[in-house]
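Asker:
2 protein chains.
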Amino acid sequence: MKILIIGGSGTIGKKVAAAFAHKHELIIAGRNSGDINVDISSAASIKGMFELTGKVDACICTAGTGYYGPFETMTQEHVLPGIGNKLIGQINLVLIGKDYLNEGGSFTLTSGIAAQHPAKNGACVAMINGAVNSFALAAAQELKQDKRINVVSPGLVEDSKDRYGAFFPGYNLVPMSKLVNAYILSVEGAVNGRILKVYS
Amino acid sequence: MKILIIGGSGTIGKKVAAAFAHKHELIIAGRNSGDINVDISSAASIKGMFELTGKVDACICTAGTGYYGPFETMTQEHVLPGIGNKLIGQINLVLIGKDYLNEGGSFTLTSGIAAQHPAKNGACVAMINGAVNSFALAAAQELKQDKRINVVSPGLVEDSKDRYGAFFPGYNLVPMSKLVNAYILSVEGAVNGRILKVYS
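If you read the protein sequences in the order shown, they are chains A and B.
Counting from 1, one number per residue, gives the positions in the first sequence under this note's numbering.
Counting from 1001, one number per residue, gives the positions in the second sequence under this note's numbering.
Given below as structure tokens:
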């Protein structure tokens, strides 16, 4: 399979790429690294990326960020960048990328545990993750030619403990191998329209 | 209680208002009707509305729309208006309105069945509804002074059968009295952080 991994140089993306590398052809895209540069907050940039890749069998997105911060002082200025990036960015990957996906190909988006179990200061990210989940449920019904879409919803992954652990008191650490398996299930399995929750 | 109902002239809002009218002080806000005009897609308009109402005990939003249409030709241009309106609009109602809510007061937002059971052509609305649900879960943890927030998630309400029924084949009609009860439960009950699903 020819697999495009957007965010493939990030904490999760790197491990996902490593898991697929031995038996698939990989193209890594990222904002500032990888084989192709892409800014998923720009529809034109996404379109340009797919023009470079040509048709692919799987498109995985592990990129996208959103605001973490105090609810008391949160305004739409905090919320809008994440909406443009992790939310509209991932939606555009599907709306634009479906024409670059081979028959039977798959999208795998990334949301997160906040959709269901938001941490303190996580209202913006919760909102984005909930949106990505529900979008994928709908998109799974609409895609043609046996194309599939799933969302991986990670909890606090063990590799992010030092960087993010302090923001998630009481959240179980997720073994990276379990998280990577969810991406493998989405790409190589037959599941469609699933929110693959890897919370512990 | 002093209750602000945004969208209080709409199909659902009218019935919600009627249910509260006999024992509460109501302020109806709407884009083109009601006691106060408000465009929830504008933070400034929301701020202006709350400056007119002063402090309220409950803020209910039944306003907000999003795109229904073919997935095949959907682009971000179709998606963005609903994000600005039903999604960011309702988020701003909370982020701005929390300072105009009395101690122990409540927000009641409106999402919809599409978050969980999207209809054909409903990917945009599904996404918005999922976002509103998850935002409320997070906001419920963050609000101070015993303020509460819930979301009512309606299915296809019987009063909308003629207008929208054709878009929801196989969806059960929801009796309006059951839907109105969910708003009453949110406002007059003690529930917090609940997605009140009224699907049939």
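We treat Cβ as the ideally placed atom computed from N, Cα and C, and that holds for glycine.
Because the structure is a prediction, the values reported are computed rather than measured.
#1: Considering Lys1178(B), what are the terminal residues of the alpha helix (DSSP H) in which it resides?
#2: Near Ser1160(B), which residues of its chain fall below 7 Å by C-beta distance, leaving aside the five closest residues on each side in sequence?
#3: Which partner residues of Ile96(A) appear in the DSSP bridge assignment?
#4: Indicate whether at least one CB of chain A lies closer than 8 Å to the CB of Ile1091(B).
#5: Pick out whichever of Ala1166(B), Val1151(B) and Ala1115(B) has its Cα sitting closest to the Cα of Cys1059(B).
#6: Where do the N-terminal and C-terminal ends of the beta strand (DSSP E) with Glu1025(B) fall, by residue?
#7: DSSP on Ala1063(B), reduced to helix/strand/coil?
#8: At the 8 Å Cβ level, is Gly1030(B) part of the contact set with chain A, yes or no?
#9: If the cut is a Cβ gap below 8 Å, which residues of chain B does Asn192(A) touch?
#10: Cutting at 7 Å between CB atoms, please list the residues of its own chain near Gly34(A), excluding the five before and the five after it.
#11: Measuring alpha carbon to alpha carbon, tell me which residue in Asp1099(B), Lys1178(B) and Gly1155(B) is nearest Asp1057(B).
#12: Would you call the segment 1078-1090 of chain B in contact with the segment 1061-1069 of chain B, where contact means no fewer than 3 C-beta pairs closer than 8 Å?
#13: Are there any heavy atoms of the ligand COA lying less than 7 Å away from the beta-carbon of Ile60(A), as far as the coordinates show?
#14: Within this structure, are the beta carbons of Gly1130(B) and Asn85(A) separated by less than 8 Å?
#15: In the structure shown, what three-state DSSP assignment does Pro1272(B) receive?
#16: Can you grab the Cα-Cα spacing for the pair His1022(B) / Gln1145(B), in whole Å?
#17: Please classify Thr1108(B) as buried or exposed, where buried requires at least 16 neighbouring CB atoms within 10 angstroms.
#18: On the DSSP bridge list, what partners appear for Thr108(A)?
#19: Tell me where the beta strand (DSSP E) around Ile1195(B) begins and ends.
#20: For Thr1110(B), is the classification buried or exposed, using 16 other Cβ atoms within 10 angstroms of its Cβ as the cut-off for buried?
#21: Cβ atoms of Leu101(A) and Lys147(A): under 8 Å apart, would you say?
#22: Please confirm if Lys1120(B) has its CB atom under 8 Å from at least one CB of chain A.
#23: Might you give, ordered along the chain, the residues of its own chain that have their beta carbon closer than 7 Å to the beta carbon of Ile83(A), omitting 5 neighbours on each side?
#24: Residues in the segment 1126-1140 of chain B with C-beta within 8 Å of chain A's C-beta atoms, listed in sequence order?
#25: Could you check what DSSP says for Val157(A) in three-state terms: helix, strand or coil?
#26: Which residues in the same chain as Gly1122(B) place their Cβ atom closer than 7 Å to its Cβ, once the five residues preceding and following it in sequence are excluded?
#27: Quick one: what's got a C-beta closer than 6 Å to Asn192(A)'s C-beta in the same chain, skipping five residues either side?
#28: Identify the continuous alpha helix (DSSP H) that holds Lys15(A) and give its terminal residues.
#29: When DSSP labels each residue in this structure, what does Leu1173(B) get in the three-state scheme?
#30: Between which two residues does the alpha helix (DSSP H) carrying Ile1046(B) extend?
#31: Quick one: what does DSSP say Asn1121(B) is sitting in, helix, strand or coil?
#32: Thinking C-alpha only, which one of Leu143(A), Gly97(A), Arg31(A) and Leu179(A) is nearest Glu158(A)?
#33: What residues from chain B crowd round Gln76(A), counting only those whose CB sits closer than 8 Å?
#34: State the beta-bridge partners of Asn133(A) as determined by DSSP.
#35: Here's a check: name, in chain order, each residue in its chain whose Cβ is nearer than 6 Å to the Cβ of Asp1024(B), leaving out the five neighbours to either side.
#36: Between Lys1014(B), Ser1045(B) and Ser1200(B), which lies nearest to Gly1170(B) when the distance is taken from Cα to Cα?
Answerer: According to the structure data:
#1: Reading the second sequence from its first residue, position 178 is the one you call residue 1178(B). Counting along the chain, the alpha helix (DSSP H) containing Lys1178(B) begins and ends at Met1176 to Glu1188.
#2: Your numbering for residue 1160(B) matches position 160 in the second sequence. Answer for Ser1160(B): Thr1011, listed in chain order.
#3: Counted from its first residue, the first sequence places residue 96(A) at position 96. Beta bridge pairing from DSSP links Ile96(A) with no other residue.
#4: Mapped onto the second sequence, residue 1091(B) falls at position 91. Yes, Ile1091(B) lies at the interface with chain A (some Cβ there is under 8 Å from its Cβ).
#5: The residue given as residue 1059(B) occupies position 59 in the second sequence. Closest option to Cys1059(B), Cα to Cα, is Val1151(B).
#6: The count along the second sequence starts at 1 and reaches residue 1025(B) at position 25. Glu1025(B) -> beta strand (DSSP E) spans Glu1025 to Gly1030.
#7: Numbered from its first residue, the second sequence carries residue 1063(B) at position 63. Note: Ala1063(B) maps to coil in three-state DSSP.
#8: Stepping through the second sequence from its first residue, residue 1030(B) is reached at position 30. Output row for Gly1030(B): interface = no.
#9: For the purposes of this step, residue 192(A) is identified with residue 192 of the first sequence, where counting begins at 1. When 8 Å is used as the limit between beta carbons, Asn192(A) is near no residue of chain B, the shortest such separation being about 14 Å.
#10: Position 34 of the first sequence, counted from the start, is the residue given in the question as residue 34(A). Here the set comprises Gly8, Ser9 and Ile28.
#11: As a working mapping, residue 1057(B) is identified with position 57 in the second sequence. It is Asp1099(B) whose Cα lies nearest to the Cα of Asp1057(B).
#12: yes
#13: You won't find the ligand COA in this model; it holds no ligand whatsoever.
#14: The sequence position of residue 1130(B) within the second sequence is 130, counting from 1. The sequence position of residue 85(A) within the first sequence is 85, counting from 1. It is not a contact, given that the beta carbons lie outside the stated cut-off.
#15: Nothing can be reported for residue 1272(B), as the shown portion of chain B is limited to 1001 through 1200.
#16: Translated into the one-based positions of the second sequence, residue 1022(B) becomes position 22. Translated into the one-based positions of the second sequence, residue 1145(B) becomes position 145. Near 27 Å, if we compare the C-alpha coordinates of Gln1145(B) and His1022(B).
#17: Counting from 1 along the second sequence, the entry for residue 1108(B) is found at position 108. With 16 or more Cβ atoms within 10 Å of its Cβ, Thr1108(B) is classed as buried.
#18: Within the first sequence, residue 108(A) is the residue found at index 108, counting from 1. Beta-bridge pairing links Thr108(A) to Ile60(A) and Asn150(A).
#19: To locate residue 1195(B), count along the second sequence from 1; it is residue 195. Start and end: Ile1195 to Val1198.
#20: Within the second sequence, residue 1110(B) is the residue found at index 110, counting from 1. Thr1110(B) is buried by the Cβ-count criterion.
#21: The sequence position of residue 147(A) within the first sequence is 147, counting from 1. The sequence position of residue 101(A) within the first sequence is 101, counting from 1. In contact: Lys147(A) and Leu101(A) (Cβ atoms closer than 8 Å).
#22: Residue numbering aside, residue 1120(B) sits at position 120 when the second sequence is read from its first letter. Yes, its Cβ sits closer than 8 Å to a Cβ of chain A.
#23: Residue 83(A) sits at position 83 when you count from the first residue of the first sequence. Hits under 7 Å: Ile128.
#24: Ala1126, Met1127, Ile1128, Asn1129, Gly1130, Ala1131, Val1132, Asn1133, Ser1134, Phe1135, Leu1137, Ala1138 and Ala1139
#25: In the first sequence, the residue the question calls residue 157(A) occupies position 157. Of the three classes helix, strand and coil, the one that applies to Val157(A) here is strand, per DSSP.
#26: As a working mapping, residue 1122(B) is identified with position 122 in the second sequence. Tyr1068 and Ala1114, listed in sequence order.
#27: On the first sequence, position 192 is the one that residue 192(A) refers to. Excluding residues within five positions, the ones whose Cβ falls inside 6 Å are Ala140 and Arg148.
#28: In the first sequence, the residue the question calls residue 15(A) occupies position 15. Element bounds for Lys15(A): Thr11 to Ala21.
#29: The sequence position of residue 1173(B) within the second sequence is 173, counting from 1. Annotated three-state conformation of Leu1173(B) is strand, per DSSP.
#30: To locate residue 1046(B), count along the second sequence from 1; it is residue 46. That run of the alpha helix (DSSP H) goes Ala1043 to Thr1053.
#31: Reading the second sequence from its first residue, position 121 is the one you call residue 1121(B). Looking at Asn1121(B) - three-state DSSP - the assignment turns out to be coil, as it is neither helix nor strand.
#32: What you label residue 158(A) is simply residue 158 of the first sequence in a count that begins at 1. Nearest C-alpha to Glu158(A): Leu179(A).
#33: Counting from one through the first sequence, the residue named residue 76(A) turns up at place 76. By Cβ distance, chain B contributes Ala1043, Ile1088, Ile1091, Asn1092 and Leu1095.
#34: Position 133 of the first sequence holds residue 133(A). Answer is none; Asn133(A) lacks a bridge partner.
#35: On the second sequence, position 24 is the one that residue 1024(B) refers to. In the sequence as displayed, the identity of residue 1024(B) is His instead of Asp. Met1001 and Ile1003, listed in sequence order.
#36: Here residue 1170(B) is taken as the residue at index 170 of the second sequence, counted from 1. For the residues Lys1014(B), Ser1045(B) and Ser1200(B), the minimum Cα distance to Gly1170(B) belongs to Ser1200(B).
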